[in-house]
DNA sequence: GTATATGCAAACAATTTGCACGCCT
DNA sequence: AGGCGTGCAAATTGTTTGCATATAC
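Pasting the structure below:
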């Protein structure tokens, strides 16, 4: 995989935020650095970066969000303000227990808790 | 909410399978009973049934799958055969523990384990 | 009788793809 | 030099919506 200006910039953007951006948000961002980049290029690069495991992708509310942190963590989604928070929570033990019981080979897991976050609770 | 022939049929189909069907699969099924039903009607009904909490919806690989079992359970997705299995696994205790620690109000949770299922392991 | 649901087709939004050209290595 | 990456626009796909008609209650 080659590293074009576009690809480097996209990777940099995803890595440098913890806001779990969508392709469109990333597109707007890259355009500040690479004004005439096309949306197709953004999609192609995001896909390639995911395939090469340099970033992760997850679907929330039917839209794909990208995540630059590759460590073992899970997510909390506030149904009020639609923010996706990182949960510093490892499921390694939990998952290996399930593996033993069922005989599945587990490659990854994906826990998302939905609810109302602290700041939204205060607003109500 | 009224119960038209179409709506009854769609609910029946989703309730009577554990294969987590997509809208399109359901559309093909309903057409056997209601030949000139439209795809739009299928989508409208699925949405309404989800809104009224008669069925559940979850996104896997960017496509919405519907689930007629409302009990507390989670899912295992085989990345080899793309089957979504039910996991008879309650996360109630686990989740309430996290709630206490972080102060979030949790409305629901969604765990998906990805890997290779037993029959796919045997095939390889 | 009236509100709600339907079929149909057009509109949408997110994403993918074909193609000719351009740039990394 | 050769292959991978790009920009652009058109195509796909999954889903939603507007409208006139039909149906449940």
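Residue numbers (this note's numbering), protein chains in the order written: chain W, 1 to 124; chain P, 1001 to 1124.
Beta carbons are placed, not taken as given, at the ideal position from N, Cα and C, and that holds for glycine.
No experiment lies behind these values; they were computed from the predicted model shown.
> In angstroms, rounded to a whole number, what distance separates the CA positions of residue 46/W and residue 38/W?
Replying inline: One-based indexing of the first chain puts residue 46/W at position 46. One-based indexing of the first chain puts residue 38/W at position 38. Spanning the two alpha carbons is a distance of roughly 13 Å.
> Once you ignore the five residues that flank residue 53/W on each side, which residues in its own chain have a CB closer than 8 Å to its CB?
Replying inline: Here residue 53/W refers to the residue found at position 53 when the first chain is read from its first residue. Excluding residues within five positions, the ones whose Cβ falls inside 8 Å are 70.
> Does any residue of chain W bring its CB to less than 8 Å from the CB of residue 1065/P?
Replying inline: Here residue 1065/P is taken as the residue at index 65 of the second chain, counted from 1. Taking Cβ atoms only, chain W never reaches closer than 8 Å to residue 1065/P, which makes this a no.
>> Quick check on residue 2/W: buried or exposed, where buried means 16 or more other Cβ atoms within 10 Å of its Cβ?
In response: Looking up residue 2/W in the first chain gives position 2. That one is exposed.
> Within this structure, are the beta carbons of residue 114/W and residue 79/W separated by less than 8 Å?
Replying inline: Sequence index remark: in the first chain, residue 114/W carries index 114 (1-based). Sequence index remark: in the first chain, residue 79/W carries index 79 (1-based). In this structure, the beta-carbon distance from residue 114/W to residue 79/W falls below 8 Å.
> Does the distance from the C-beta atom of residue 1068/P to that of residue 1014/P stay below 8 Å?
Replying inline: Translated into positions along the second chain, residue 1068/P becomes position 68. Translated into positions along the second chain, residue 1014/P becomes position 14. Yes.
>> Let me see if you follow: with CB-CB separation under 8 Å, is residue 1083/P close to chain W or not?
In response: The count along the second chain starts at 1 and reaches residue 1083/P at position 83. No, because no Cβ of chain W sits closer than 8 Å to the Cβ of residue 1083/P.
> With burial defined as no fewer than 16 other Cβ atoms inside 10 Å of the residue's Cβ, what is the status of residue 21/W: buried or exposed?
Replying inline: Position 21 of the first chain, counted from the first residue, corresponds to residue 21/W. Buried, since its Cβ has 16 or more Cβ neighbours within 10 Å.
> Whole beta strand (DSSP E) runs in the segment 79 to 113 of chain W with 3 or more residues, listed along the chain?
Replying inline: 84 to 87
> Of the residues that make up the segment 1096 to 1123 of chain P, which ones have a beta carbon closer than 9 Å to any beta carbon in chain W?
Replying inline: Within the segment 1096 to 1123 of chain P, the residues whose Cβ lies closer than 9 Å to some Cβ of chain W are 1098, 1099, 1102, 1103, 1104, 1105, 1106, 1107, 1108, 1109, 1110, 1111, 1112, 1113, 1114, 1115, 1116, 1117, 1118, 1120 and 1121, listed in chain order.
> Thinking just about the alpha-carbon of each residue, which of 1019/P, 1040/P, 1018/P and 1016/P is nearest to the one in residue 1027/P?
Replying inline: For the purposes of this step, residue 1027/P is taken as residue 27 along the second chain, with counting starting at 1. Residue 1027/P has its Cα closest to that of 1040/P, out of 1019/P, 1040/P, 1018/P and 1016/P.
> In chain W, what lies closer than 9 Å to residue 1079/P by C-beta?
Replying inline: Position 79 of the second chain, counted from the start, is the residue given in the question as residue 1079/P. Per Cβ cutoff of 9 Å: 107 and 108.
>> Using a Cβ-Cβ cutoff of less than 8 Å, which residues in the same chain neighbour residue 88/W once the five nearest sequence positions on both sides are dropped?
In response: Here the question's residue 88/W lines up with position 88 in the first chain. Spatial neighbours of residue 88/W in its own chain (CB-CB distance under 8 Å, excluding positions within 5 residues in sequence) are listed in chain order as 73.
>> For the alpha helix (DSSP H) containing residue 14/W, name the first residue and the last one.
In response: Walking along the first chain from the start, residue 14/W turns up at place 14. Residue 14/W: member of the alpha helix (DSSP H) spanning 5 to 15, first to last residue.
> For residue 116/W versus residue 1104/P, is the C-beta spacing smaller than 8 Å?
Replying inline: The residue labelled residue 116/W in the question sits at position 116 within the first chain. The residue labelled residue 1104/P in the question sits at position 104 within the second chain. A contact, by the Cβ cut-off of 8 Å.
> What residues from chain P crowd round residue 146/W, counting only those whose CB sits closer than 7 Å?
Replying inline: There is simply no residue 146/W to check, as chain W begins at 1 and stops at 124 in what is shown.
> Smallest Cα separation from residue 1109/P: which of 1097/P, 1119/P and 1091/P?
Replying inline: As a position in the second chain, residue 1109/P is number 109, starting the count at 1. Comparing Cα-Cα distances from residue 1109/P to each of 1097/P, 1119/P and 1091/P, the minimum goes to 1091/P.
> Rounded to whole angstroms, how far is the Cβ of residue 111/W from the Cβ of residue 1111/P, which I believe are closer than 8 Å?
Replying inline: Here residue 111/W corresponds to residue number 111 of the first chain, with the count starting at 1. Here residue 1111/P corresponds to residue number 111 of the second chain, with the count starting at 1. Right, the Cβ-Cβ distance comes to about 5 Å (below 8 Å), so this counts as a contact.
> With burial defined as no fewer than 16 other Cβ atoms inside 10 Å of the residue's Cβ, what is the status of residue 65/W: buried or exposed?
Replying inline: Along the first chain, one-based indexing puts residue 65/W at 65. Answer is buried; the Cβ neighbour count reaches 16.
> What's the call for residue 1009/P, buried or exposed, on a 16-neighbour Cβ count within 10 Å?
Replying inline: Residue numbering aside, residue 1009/P sits at position 9 when the second chain is read from its first letter. Per the 10 Å Cβ criterion, buried.
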